Amino acid sequence: RYSLSFAGPSGEPEATAAAFSWALGCYSFDALKTAKKPKTAPPSLEWPALADRAHVSRAVSATYLCRDLISLPCEQLGPADLEQAARDLAKVHGAKCDSIVGNDLLKKNFPTIHAVGRAAAAGREPRLVDMRWGSGKSKVTLVGKGVCFDTGGLDIKPANAMLTMKKDMGGAAHVLGLAAMIMDAKLDVSLRVLLPVVENSIGGSAFRPGDVLTARNGMTTEIGNTDAEGRLILSDALVLASEESPDLIVDMATLTGASRVALGTDVPSVFSNDDALARELQDLSGCVEDQVWQLPLWEGYRKQLQSPIADLKNIGAGPYGGAITAALYLSEFVGADKVNGRRGGGDDSDRDG
5 RYSLSFAGPS
15 GEPEATAAAF
25 SWALGCYSFD
35 ALKTAKKPKT
45 APPSLEWPAL
55 ADRAHVSRAV
65 SATYLCRDLI
75 SLPCEQLGPA
85 DLEQAARDLA
95 KVHGAKCDSI
105 VGNDLLKKNF
115 PTIHAVGRAA
125 AAGREPRLVD
135 MRWGSGKSKV
145 TLVGKGVCFD
155 TGGLDIKPAN
165 AMLTMKKDMG
175 GAAHVLGLAA
185 MIMDAKLDVS
195 LRVLLPVVEN
205 SIGGSAFRPG
215 DVLTARNGMT
225 TEIGNTDAEG
235 RLILSDALVL
245 ASEESPDLIV
255 DMATLTGASR
265 VALGTDVPSV
275 FSNDDALARE
285 LQDLSGCVED
295 QVWQLPLWEG
305 YRKQLQSPIA
315 DLKNIGAGPY
325 GGAITAALYL
335 SEFVGADKVN
345 GRRGGGDDSD
355 RDG
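Following this line, the structure appears as structure tokens:
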């Protein structure tokens, strides 16, 4: 058993960070292991006297939820399972949770979510999960990419890149973790969570390179690569999010490995149409040793998304600036201030997600 003590007027942040770090270090994912756990008790830490216990508890719980969801293979966490995870979270906090599944997506005008996920097997149909909580004046909408597994589609990924693609729903997992913290803290907001959830599978009904898909807002996209599917499902969700004109939209996604090429594996990229907000997020992230970094919505690259037969293409024109062109694509579907947090994808291609 260990104890830590902190003194002085700045002791509370250090004590809280130490308790949080200890808890993160204790995390392990062994839900699928059959071996018995050792009977010896793991090392424990006495609560530092100045630590903010409520903050640590909610942050640890949310982080564990996020890690558990990402660690589960798609066989255990398909689209229906991810929806159930959202429903379970909603039940704990008294939130309302609805979903639109399968061909009902076409009836309700979410055609790109349907197109990306329509080749999945029966019981693993694409869906849009919609959770609401709170009645505060400020409206906050969280959007999370939920690709439970990404084969790359007909533009299939190589085996080494596909191996980690159970994590392509990491944006949805992070959004659920953030929502859990917001609801547990009882923040005075009207919270909405939107999760477009699919498997990008290969089959006779899979969408194809060269197809032209129509999004919820009527914009058309020529498919340059079926492995750039995340931005397609997010387009429908972002249009829906913008229809209520919330004060803030936060979109999280494992959108493209080009982000990792730019910033490495430890620093997620952030794009925003509000530079002051992005800079504040960047500064705050540094204060808590979890750095994110703003990349520009460089208008000079927007021409790379031009298509001769549609309003847009879903990929840029070359191997450079892939994270920026992905963000520019998403910006076409946003009608309110948006922060897009982009974590690197499973391989170093600029065409995943």
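Counting from 1 along the sequence shown, just add 4 to a position and that's the residue number in our numbering. Even glycine gets a Cβ: it sits at the ideal position worked out from N, Cα and C. Predicted, not measured: the structure shown is a model, and the values here were computed from it.
Check: residue i C-beta below 7 Å from any heavy atom of the ligand MN
i    : result
M173 : Inclusion of the ligand MN in the displayed structure is not the case, the ligand content being empty and no account of it being possible.
Test item: CB-CB of residue i and residue j under 8 Å
i    : j    : result
H178 : C30  : no
N318 : A232 : yes
A241 : P200 : yes
L132 : L109 : yes
V274 : W297 : yes
D134 : D159 : no
L54  : A19  : yes
Y305 : G290 : no
G157 : T230 : yes
In DSSP terms, what residue i is bridged to
i    : result
Q298 : V274
L217 : T225
A361 : The structure shown has nothing for residue 361, since the chain only spans 5 to 357.
Collapsed DSSP secondary structure at residue i in the structure displayed
i    : result
D85  : helix
G148 : strand
L199 : strand
F33  : coil
A19  : helix
D354 : The pLDDT assigned to D354 is 43, lower than 50, so where the model puts this residue is not dependable; a value taken from the coordinates is nonetheless given after this. Three-state result, D354: coil.
A126 : coil
F153 : strand
S194 : strand
C291 : helix
C101 : strand
S335 : helix
Spatial neighbours of residue i in its chain, beta-carbon cut-off 8 Å, leaving aside the 5 residues before and after
i   : result
D34 : K41
H97 : W137, A184, M187, D188
Whole-number beta carbon distance between residue j and residue i, since they are thought to touch under 8 Å
i    : j    : result
K170 : P77  : 5 Å
E129 : P83  : 7 Å
L227 : L238 : Sequence check: residue 227 is Ile here, not Leu. Not confirmed; about 15 Å, so no contact.
V151 : V202 : 6 Å
6 Å CB neighbourhood of residue i in its chain, flanking five on each side removed
i    : result
D315 : M223, T224
D154 : M169, D172, N204
L195 : W137, G138, V144, I186
G148 : G175, A176, V179, L199, M256
Close beta carbons around residue i, own chain, < 7 Å, minus the five adjacent residues each side
i    : result
D352 : Here D352 scores only 40 on pLDDT, less than 50, and its place in the model is too uncertain to base an answer on.
R283 : Q298
F24  : V60, A63, V64
A89  : L73, L180
R1   : What is shown of the chain runs 5 to 357, which leaves residue 1 out entirely.
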